[in-house]
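Structure first, commentary second.
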Amino acid sequence: MVGIRRLVPAPLRSLRWRFPWLLRSEAFQKQPIRSMLRAGKFTLLELLFENFEFRCPNNMIFCTPRGNLSSFIMYLEGARDPHIWRFISRFVSEGDVFVDAGANVGTYALPAARLVGQNGRVIAFEAHPGAASFLRKSATANQCENLIIRDQAISDQSGQVRIVYTAGNPGETRIGTPSDASAILVEATTLDAALCDLDVSKIRYIKIDVEGFEIPVLRGALQILTRAKHLAIQTEIDQKHLGAAERALEEFFSLLSPLGLMPFRIDQRGELTPAGRSIWGDIIWTRPPD
């Protein structure tokens, strides 16, 4: 059975989980036929090309390898997470600074660069050289002169770390272990050190997508988190990834609660509601208004 599956091209196999996602997507609810056609076109591009360029509904251009789920979603929706972007578009203004830790091919960094405008800045960190290369090509294609790209992993100390690039989903890069034969060594830094070097202050938004290693990223950003009073931090907390990284949910509270940062969920309108102690999935950490 495994051998038979391998005869089916990867883009076709990926339809097993992409199709259920498509049926739930906002794009499909609004324009089902158009969404099906776009999904088919994207799959065809993946069958024909290992790497390719596409234009998404918001007219931005992306360069991507095949198999990147975030790129597929951008091509259909025009936003990686539409409900989160409803919140971001109200919270982040022109001239702000947006930090993307784990930028992948730029599905957050590039729209953020458009949102903050030429008077703002986006600093994107992507440790894997392949993904960073696609990010740079996309930044050039969209003339994002306010986007700074750093080929570094983010942690709680500077040095080198091992990362693993998942072939089945190029967007799922994670910190590796000595037993990972495919892991590569990359440079690591902290957000505090990197943003100090770039002379960046008054951070408005930090998006963190590092597959379970959020706690080291946050520990390396304590100066920023303390200094930036009007700040939002976006985390994607996945039980599988958190367990693999040997981290616990309680670490988020012990680290962020003393700084006044509380967890919130985002509804489909982009409105925040208190998350309490249940913080799986997409969570926004911010200070409640006085």
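For any residue, its number in our numbering is found by taking its place in the sequence shown, counting from 1, and adding 1237. Using N, Cα and C, we set each Cβ at its ideal position, and we do this for glycine too.
Asked, Found
"Contact set for T1344: own chain, Cβ-Cβ below 6 Å, skip 5 residues either direction", "S1307, M1311, R1317"
"T1410 vs A1376 beta-carbon contact at 9 Å", "no"
"DSSP beta-bridge partners of W1236", "In this structure the chain extends from 1238 to 1527, so residue 1236 is not present and cannot be described."
"Euclidean distance between Cα positions of R1303 and L1260", "21 Å"
"Chain-order list of residues whose beta-carbon lies under 6 Å from that of A1350 (same chain, five-residue window excluded)", "V1359, C1381, N1383, L1384"
"C-beta atoms of G1480 and G1449 nearer than 9 Å", "yes"
"For I1325, three-class secondary structure by DSSP", "helix"
"Enclosing alpha helix (DSSP H) for F1279 [first to last residue]", "1269 to 1285"
"Coil, strand or helix - V1423 by DSSP", "strand"
"Pairwise C-alpha distance: K1374 and R1464", "33 Å"
"T1377 CB to nearest heavy atom of the ligand ATP below 8 Å", "Here there are no bound small molecules, and the ligand ATP is not part of this structure."
"Beta-ladder partner(s) of L1509, from DSSP", "I1503"
"One or two residues paired with C1300 in a DSSP bridge", "E1290"
"Length of the line joining the Cα atoms of G1457 and A1469", "16 Å"
"Which listed residue (D1393, K1466, P1366, K1477) has its alpha carbon closest to that of A1340", "P1366"
"Residues bridged to Y1402 [DSSP beta-bridge criterion]", "T1410"
"Q1471 classed as buried or exposed, judged by whether at least 16 other C-beta atoms fall within 10 angstroms", "buried"
"Alpha-carbon to alpha-carbon, V1245 and Q1355", "46 Å"
"L1249 versus L1492: straight-line alpha-carbon distance, rounded", "43 Å"
"Bounding residues of the beta strand (DSSP E) (the contiguous stretch that carries F1335)", "1334 to 1338"
"Residues bridged to L1384 [DSSP beta-bridge criterion]", "V1359"
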